[in-house]
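Input: a single structure, listed below in structure tokens.
Residue numbers (our numbering): 17 to 259.
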């Protein structure tokens with residue numbers, strides 16, 4: 017900390033001054049030397065403070081780095097290399113039965129004995145205060161979280177380990193914060209596909225479904241327009257539609 021470093025420096029300079037004066041008995045020779053030490057210490061203090069701040073930053077992020085490395089080194093699940101399953105049929109409704117969820121055993125449930133039926137084609141909005149479980153409910157329906165108790169049924173089939181991947185192939189999710197790479201609109205719509213292998217017809221079809229085709233086709237470069245870093249050249253709604 018800065019105050020500790022400055023106090024230590026002052027003590028060292030005072031001790032050095034006392035030592036030199038008692039040894040030489042000539043203050044005229046000692047003062048220029050002390051001034052040089054004081055000036056050097058004044059220049060070094062900000063650098064030492066910067067070193068301390070960076071070291072504290074490194075120590076504070078060690079746990080996060082270890083967690084990331086542990087995740088990278090962990091073996092892939094058995095079905096990671098398996099071909100994607102066929103989409104889970106969805107023709108009737110999503111049913112939540114006595115659904116409960118808590119993030120930790122020692123915490124109160126975010127959702128408790130929640131029941132809901134969402135008929136195919138219906139538009140449903142979740143309204144509530146912060147922390148009431150709106151995003152958690154959506155994550156549960158998408159299979160990103162597993163309920164603590166209760167069940168989610170898709171056309172009568174329980175959403176579990178055997179049906180989760182097939183169900184997720186039916187879902188298109190637009191989060192609150194969208195990541196876009198500094199690439200063309202087409203590359204972001206077909207994110208993860210090699211640019212040489214992008215099917216522009218499928219890209220146009222996706223843009224039409226997102227009500228974005230008119231805007232893109234009026235741009236000078238159309239689907240080859242670059243969006244900028246994190247989509248800075250687009251509005252928030254346009255970023256979400258591309259995402």
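We put the CB at the ideal spot given by N, CA and C, even for glycine.
At least 7 angstroms separates the beta-carbon of residue 130 from that of residue 170. Counting only residues of its own chain and dropping the five nearest sequence neighbours on each side, residue 182 has a CB closer than 7 angstroms to the CB of 101, 102, 103 and 104. Between the region 239-246 and the region 184-203 there are three or more C-beta pairs closer than 8 angstroms, enough to call the two in contact.
Cβ contact annotation for residue 205 (same chain, cutoff 7 angstroms, sequence separation greater than five): 219, 222, 223 and 258, in chain order.
With contacts defined by Cβ atoms closer than 7 angstroms, residue 200 and residue 233 do not form a contacting pair. A check of alpha carbon separations from residue 136 across 216, 187 and 69 identifies 187 as the nearest. In the structure shown, residue 61 falls within a helical segment according to DSSP collapsed to helix, strand and coil. In this structure, the beta-carbon distance from residue 117 to residue 163 falls below 7 angstroms. In this structure, the straight-line span from the alpha carbon of residue 141 to that of residue 110 is close to 14 angstroms. Relative to residue 113, the option among 143, 157, 30 and 62 whose CA is nearest is 157. A Cβ-Cβ separation of about 24 angstroms leaves residue 29 out of contact with residue 69 under the 8 angstroms criterion. The criterion of a C-beta distance shorter than 7 angstroms is satisfied by residue 127 and residue 149.
Pairing residue 134 with residue 153, the inter-Cα distance amounts to about 13 angstroms.
It is roughly 41 angstroms from the alpha-carbon of residue 202 to the alpha-carbon of residue 120. Cβ atoms of residue 168 and residue 175 come within 8 angstroms of each other, at about 4 angstroms. Taking each of 250, 172 and 26 in turn and checking the Cα distance to residue 108, the smallest one comes out for 172.
If the five residues before and after residue 225 are omitted, its C-beta is found closer than 7 angstroms to no C-beta atom of its own chain. Of 23, 38 and 79, the smallest CA-CA separation from residue 57 is found for 23. The Cβ neighbour count for residue 92, taken over all protein chains shown within 10 Å, is under 16; the residue is labelled exposed. Residue 111 sits in a strand when the DSSP states are folded into three classes.
Counting the other Cβ atoms within 10 Å of the Cβ of residue 115 gives 16 or more, which makes it buried.
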